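Notes follow the structure.
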Amino acid sequence: MNVSEVLALVLLAAGAFFLLIGSIGVVRLPDFYARTHATSKSDTLGLMLALLGLGIHEGITLNSAKLVVVVVFVALTNPVGTHALARAAYQSGLQPWFVGGPLPEDPTRAEPAGDEPEGGR
Amino acid sequence: MDTAFAVIAVVLAVIIAIPFYRLVVGPTLFDRLLGAGAIGTKTLVLICLVGVMYGRLDLFIDITVAYAVLNFIGNLAIAKYFSNPKAEERAMEEAS
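Going line by line, the protein sequences match chains A and B. Per my numbering: the first sequence = residues 1 to 121. Per my numbering: the second sequence = residues 1001 to 1096.
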């Protein structure tokens, strides 16, 4: 095994680690708005590391250029999609989970639909 | 090298299976959508890894690009569909 293969394997393992952290976060975090952190940040970082590792394994070819295109595209669009989802949830009246009292009035949010969503610890 | 790739692919399959819990149990609709998006993002890595293992990355990378675009567009469309346009209009009226 030469240097590039070792580097590719290390990057792939680091990417799999961050994807695992993202998966655990999606299941374990207490609230929808907290779970968006897990899927937007650590998933994007894990995918970038893993695909860069595969690109190093491929060497400089057209395929590794396409891999870089996928990495840039996902790094731009994954946080945007998660943000759009969180904005839709906020505007449709989903209450954030936190320790203090209810949130102050906000005209951009719809009326809460009666029963407030449970935290699902 | 192929053995290491196979091991990482199996680990990735297990990692992809974890957010199915949020997809099935999730207390609200948005939790389910979030779980579906997380599964889609992780599947991109698995598709690329399978392409490298088969030696046909030129074929699989195009599938990856299409999958990434579909994931993003579907996410945006669903988010737009479930947002609340009346709340935005009310906020605009109160601001003016």
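Think of the CB as a built atom: it goes at the ideal place given N, C-alpha and C, for glycine as much as any other residue. Please read these numbers as outputs of a predicted model, since none were measured by experiment.
CB contact check: A:P117 to chain B, cutoff 7 Å: Here the model assigns A:P117 a pLDDT of 48, short of 50, so the residue's position is not dependable, and the following value carries that caveat. A:P117 belongs to the set of residues whose beta carbon lies under 7 Å from a beta carbon in chain B.
Interface flag, A:S4 vs chain B, CB-CB below 7 Å: With respect to chain B, the C-beta atom of A:S4 has no partner C-beta closer than 7 Å.
Spatially closest choice to B:V1065 from B:I1078, B:Y1081, B:Y1054, B:I1047, by CA coordinates: B:I1047
Interface partners of B:A1038 on chain A, CB under 8 Å: Per Cβ cutoff of 8 Å: G22, S23, V26, A38, T39, D43.
Contact belief for A:T36 with B:L1029 at Cβ below 8 Å, rounded distance in angstroms: At roughly 14 Å, the Cβ-Cβ gap does not stay under 8 Å, so A:T36 and B:L1029 are not in contact.
Environment of A:V88 [buried if 16+ CB atoms lie within 10 Å]: Going by the sequence as given, residue 88 of chain A is Ala instead of Val. Burial of A:A88 is indicated by the presence of at least 16 other C-beta atoms within 10 angstroms of its C-beta.
N-terminal and C-terminal residue of the alpha helix (DSSP H) that B:L1023 is part of: Boundaries of the alpha helix (DSSP H) around B:L1023: 1020 to 1025.
Within chain B, the residues that A:Q95 reaches when beta carbons sit closer than 9 Å: Chain B residues near A:Q95: none, gap ~10 Å exceeds 9 Å.
B:I1015 and A:L20 closer than 7 Å at C-beta: yes
Where A:T61 falls, given that 16 or more other Cβ within 10 Å makes a residue buried: exposed
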